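A.B. asks: Below is the structure I would like to discuss, written out as structure tokens.
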Amino acid sequence: MPIKLRDFPRTHFNMPGNAACPGCPETMGIRYVKMALGDKAVLVIPAGCSSVIQGISPKSGINFPILNIVFAAAAAAASGMKAGFEMLGRDDVQVVVWAGDGGTADIGLQAMSGAAERGDDIIYICADNEAYMNTGIQRSGATPYGAWTTTTWTGKKEHKKNIPFIMIAHDAPYVATATVGYPQDFIEKIRKAASVKGFKYIHLLAPCPVGWRFDPALTPEIAQLAVKTGLWPLFEYHNGSLRISSFSRMYRNKEKRTPLEVYLKLQGRFKHLKEDDVKVLEEYIDRLWAWLDLLEKASHPSDTAKQLVKESK
Amino acid sequence: MAIKTITGNKAVAHAAKAARVKVIAAYPITPQTTIVETLAEMTEHGELDAKMIRVESEHSALAATLGAAAAGARSFTATSSHGLLLMHEVVWWTSGARIPVVMSVVTRAIGPPWNIHVDHNDIWDQRDSGWIISIAENNQEVFDLTLQAFKISEDPRVYLPMIVGLDGFILSHTVAPVDIPEQEKIDNWLPERRQPYVITPESGIVMGNLATDENYYMMRYSIQAAMVEAKNVIKEIDSEYGEIFGRSYGGLVECFHCDNADYNIVIAGSWSGDAKEAVLKLREEGYDVGVMRVRYFRPWPDEEMRGLLSRSKGVLFIDRSISFGGKGHLMTEALTNLPALANLPAVRGVIAGLGGVDVVAEEFYELTKKFIEEVEEKGRFYDPLYWHIPMVHREKYKPRLPGYELTCYKR
């Protein structure tokens, strides 16, 4: 049944007085996590914007119990918490890591890889704003090619590290991509993840008005454009089978995609890009889709293949 | 009661089992490995009802231990040397969170060059972190301290994590008889887990978000206050343990003939036994000498050390560690009390045994006798950095350091 945001109770999913910037995608994301999981979850948050968004203790602007933890250890702390709950007979508690792209793709990658390999029963959500925004927009492993940051003044020269693919390679039982532009899709994926046993990974693209240099009113629109241009394909990988999610399905067809320039032009961080740079990004998109296509076909043998098997009998 | 002849590492595992830990997270490092191996075996064979998380690093080991403890489960980890250094960030985070956990530190040298033998630089490196830090002399004490650590750290007056140190190989891999009390007796003595808060969906607790500078300052004050309180708790638990299980060690320090002796050795860890042996021989020969063995490095035994310094003619500190550019740790700590003293004793700080270099009872005998004779001859002096080159190596080392005469050759 499709999720309708208006059906959720009018309650404080985030608390007033939190310290998020205007147009912050993280408060949106956390709101959707709360909508999806209700009161059965605790968050583990490593260093990042969300450590600050909580505001000043002893109060907190995020409506979740939270274990804040050092930058590199979010997944490990969550594994420990889950083990603790299990040993105390509390299997009902969802332990959710809410980490940024730095805490996931860079400094926290080892701990996450360990937790995934062990199959620890947690949900790991990477809220990816594509740079170290909390410390002032420094490039991370998840910053895309060409993006200006305060440590890449002429634009990053390398492509974004593809963490969802890395997690698929871990044979995690559930891996998905999402954005704050499609909350229904994100909420559905969180709920799906919660129903799966083992290590679950959701990579949430979270456009940051401050770091990406766009109008704070446009956060959801930019997130949707990332999907519509094909740059951020939404997909789901569950028990070995990959499916492109409904909001992305039509963009398999290159013709239907919104031109990449529309997405780039709205963001100050791409202001300096030349035509060649745009081409580099477009080629990246093609490669990304080729990979997805391969994975999807490999996990769902085509009708032709089924046909061949039939004929050989 | 059962006497088992086991290694120090096995004693650790048996103590963790006796404390009924619920979650263990650890990463292998020599010489800690057999602790992890034994606990893995115990959990897999169903002897211990605990979940073992085989993490991918020590940083994650302590983070997972902290996570489990934050959820309300009694949890345990163990490490050594580089592993301890790697987890150092989480060491601070755990004490700051005021979450009681227990960690064994099998003391070992820090590289480079690689060296897996005993050295105290790794454990003392945690000095400022807000953990209670203890160190054992023998396998029996390893068991007793580890078991007590759960009660001390979970005491509401303390609520701080605790390290139990045991010397790499000397204790960790050497078998000795260890008396393990009946489980029922332990269960009656060790209460259910207590902790200041738990993070559950219902608790609404948020640990560790931003604090105002003033709140932060007061939280630091509270850790110090808990440390001061811990001194009483440690003594209390040591003596009640003595009453119930028949072994009491004397609290923060163990005093071996140190009550009225003119000369005293201050030392920590497994080689204290060798020092005691030397002292017995010296006492037979008429020298008035004792040993104060430091059992707890944090909280530091201020009162005990002040008393020792003010009543001694000479104090010989023997450190298996050095703060480069500074001095040995035990001596440095003890001498922070100097302004409170009216009479200052002669002091020598010996640096010895780094990287597992063996120092035998004869050498303690020689070092101590020489120190006493020098004090008798010259009166009070201060010699903070006396590098002891062990007997077996003297000929080898002598010519190899041109222009730098090691102190022990200065005549």
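Chains as they are written, first to last, in the numbering used here: chain A, 76 to 388; chain B, -4 to 406.
We treat Cβ as the ideally placed atom computed from N, Cα and C, and that holds for glycine.
Model, not experiment: these values are computed from the prediction.
Closest by CA to Thr304(A), which one among Phe322(A), Thr226(A) and Ala292(A)?
C.D. replies: Closest option to Thr304(A), Cα to Cα, is Phe322(A).
A.B. asks: Nearer than 7 Å: is that true of the beta carbon of Met325(A) relative to any heavy atom of the ligand GTP?
C.D. replies: With respect to the ligand GTP, the structure shown offers nothing to examine, as it has no ligands at all.
A.B. asks: State buried or exposed for Lys272(A), treating a residue as buried only when at least 16 other CB atoms are found within 10 Å of its CB.
C.D. replies: It counts as exposed.
A.B. asks: Using the beta-carbon of each residue, which ones in chain B are nearer than 8 Å to Gly189(A)?
C.D. replies: Residues of chain B passing the Cβ test: Val50, Glu51, Ser52 and Ser55.
A.B. asks: Below 8 Å on the Cβ atoms is my contact criterion, and I expect Arg406(A) with Trp223(A) to pass it. Report the Cβ-Cβ distance as a whole number of Å.
C.D. replies: One cannot answer for residue 406(A) here, as it falls past the ends of chain A, which runs 76 to 388.
A.B. asks: Distance cutoff 8 Å, beta carbons only. Does Lys12(B) sit that close to anything in chain A?
C.D. replies: Not one chain A Cβ lies under 8 Å of Lys12(B).
A.B. asks: Between Gly91(B) and chain A, is any beta-carbon pair separated by less than 8 Å?
C.D. replies: False, the Cβ-Cβ gap to chain A never drops below 8 Å.
A.B. asks: State the start and end residues of the unbroken beta strand (DSSP E) segment that holds Thr0(B).
C.D. replies: Looking at the DSSP string, the run of the beta strand (DSSP E) that includes Thr0(B) is Ala(-3) to Ile1.
A.B. asks: Can you tell which of Arg189(B), Glu249(B) and Ser124(B) has the C-alpha that lies nearest to the C-alpha of Ile158(B)?
C.D. replies: Nearest of Arg189(B), Glu249(B) and Ser124(B) to Ile158(B), Cα basis: Ser124(B).
A.B. asks: Is DSSP giving Arg93(B) helix, strand or coil here?
C.D. replies: Coil.
A.B. asks: When you check each C-beta in the stretch 59 to 71 of chain B against every C-beta of chain A, which residues fall closer than 8 Å?
C.D. replies: Residues Ala59, Thr60, Leu61, Gly62, Ala63, Ala64, Ala65, Ala66, Gly67, Ala68 and Ser70.
A.B. asks: Can you give me the Cβ contacts of Asp378(B) inside the same chain, cut-off strictly under 6 Å, excluding the 5 residues immediately before and after it?
C.D. replies: Correct list, in chain order: Arg343.
A.B. asks: Since Tyr276(A) is in the beta strand (DSSP E), which residue starts that stretch and which ends it?
C.D. replies: Element bounds for Tyr276(A): Lys275 to Leu280.
A.B. asks: Tell me, please, whether the stretch 140 to 151 of chain B touches the stretch 303 to 315 of chain B by the rule of three or more beta-carbon pairs shorter than 8 Å.
C.D. replies: Because the criterion of three Cβ pairs below 8 Å is not met, the stretch 140 to 151 of chain B and the stretch 303 to 315 of chain B do not touch.
A.B. asks: My output table needs one value for Asn110(B): the three-state DSSP class, helix, strand or coil.
C.D. replies: Here Asn110(B) sits in coil by DSSP.
A.B. asks: At a cut of 8 Å, does the stretch 194 to 203 of chain A reach the stretch 316 to 334 of chain A through at least three beta carbon pairs?
C.D. replies: Counting Cβ pairs under 8 Å, fewer than three are found: no touch.
A.B. asks: Does DSSP put Asn143(A) in a helix, a strand or coil?
C.D. replies: Strand.
A.B. asks: With a Cβ-Cβ cutoff of 8 Å, do Ser126(B) and Ser99(B) count as a contact?
C.D. replies: It should be pointed out that residue 126(B) corresponds to Trp in this sequence rather than to Ser. Result no, Cβ atoms of Trp126(B) and Ser99(B) do not sit closer than 8 Å.
A.B. asks: Nearest to Leu79(B) by alpha carbon, out of Gly302(B), Gly323(B) and Ala21(B)?
C.D. replies: Selected option, being the one with the closest Cα: Ala21(B).
A.B. asks: Given this structure, state the Cα-to-Cα distance separating Met202(B) from Val228(B), to the nearest angstrom.
C.D. replies: The alpha-carbon atoms of Met202(B) and Val228(B) are separated by roughly 26 Å.
A.B. asks: Ignoring anything shorter than 3 residues, give me the beta strand (DSSP E) runs that lie fully in the stretch 316 to 392 of chain B, in order along the chain.
C.D. replies: Correct list: 341 to 346 and 377 to 382.
A.B. asks: Is it buried or exposed, Leu333(B), if we count other Cβ atoms within 10 angstroms and call 16 or more buried?
C.D. replies: It is exposed - the Cβ of Leu333(B) has fewer than 16 other Cβ atoms within 10 Å.
A.B. asks: Over the uninterrupted beta strand (DSSP E) stretch that includes Pro172(B), give me the two end residues.
C.D. replies: Here the beta strand (DSSP E) through Pro172(B) covers Ala171 to Ile175.
A.B. asks: For Met287(B), which of Gly245(B), His324(B) and Gly281(B) has the nearest alpha-carbon?
C.D. replies: The shortest Cα separation from Met287(B) among Gly245(B), His324(B) and Gly281(B) belongs to Gly245(B).
A.B. asks: At a cut of 8 Å, does the stretch 211 to 222 of chain B reach the stretch 269 to 277 of chain B through at least three beta carbon pairs?
C.D. replies: Output reads no: the stretch 269 to 277 of chain B does not touch the stretch 211 to 222 of chain B.
A.B. asks: Tell me whether the stretch 44 to 59 of chain B and the stretch 174 to 190 of chain B touch, counting them as touching only if at least three CB pairs, one residue from each stretch, are closer than 8 Å.
C.D. replies: The answer is no - the stretch 174 to 190 of chain B does not touch the stretch 44 to 59 of chain B, with fewer than three Cβ pairs under 8 Å.
A.B. asks: Taking the straight line between their C-alpha atoms, what separation do you get for Met82(B) and Arg122(B)?
C.D. replies: Looking at the two C-alpha atoms, the distance is approximately 14 Å.
A.B. asks: If you follow the alpha helix (DSSP H) that Leu271(B) is part of, which residue opens it and which one closes it?
C.D. replies: Looking at the sequence itself, residue 271(B) is Lys, so the reference to Leu does not match. Element bounds for Lys271(B): Ser267 to Glu279.
A.B. asks: Would Leu356(A) count as contacting chain B if we go by Cβ distances under 8 Å?
C.D. replies: Chain B contact via Cβ: absent.
A.B. asks: Could you have a look at Gly155(A) and say whether DSSP puts it in helix, strand or coil?
C.D. replies: Here Gly155(A) sits in helix by DSSP.
A.B. asks: List the residues of chain B whose Cβ lies closer than 7 Å to the Cβ of Phe261(A), in chain order.
C.D. replies: Those within 7 Å of Phe261(A) in chain B number zero; the least Cβ separation is about 21 Å.
A.B. asks: Restricting to runs no shorter than 3 residues, where is the beta strand (DSSP E) found entirely within the stretch 96 to 157 of chain B?
C.D. replies: Listed in chain order, they are 97 to 102 and 127 to 130.
A.B. asks: Can you pull the chain B residues whose beta carbon is under 8 Å from the beta carbon of Ala116(A), in chain order?
C.D. replies: Per Cβ cutoff of 8 Å: Pro196.
A.B. asks: Which runs of the beta strand (DSSP E) spanning at least 3 residues fall entirely within the stretch 24 to 81 of chain B, listed in chain order?
C.D. replies: Runs found: 46 to 49 and 70 to 74.
A.B. asks: Whole angstroms is fine: what's the gap from Lys230(B)'s alpha carbon to Ala11(B)'s?
C.D. replies: Spanning the two alpha carbons is a distance of roughly 21 Å.
A.B. asks: Classify Thr331(B): buried if its beta carbon has 16 or more other beta carbons within 10 angstroms, exposed otherwise.
C.D. replies: Its Cβ having fewer than 16 others within 10 Å, Thr331(B) is exposed.
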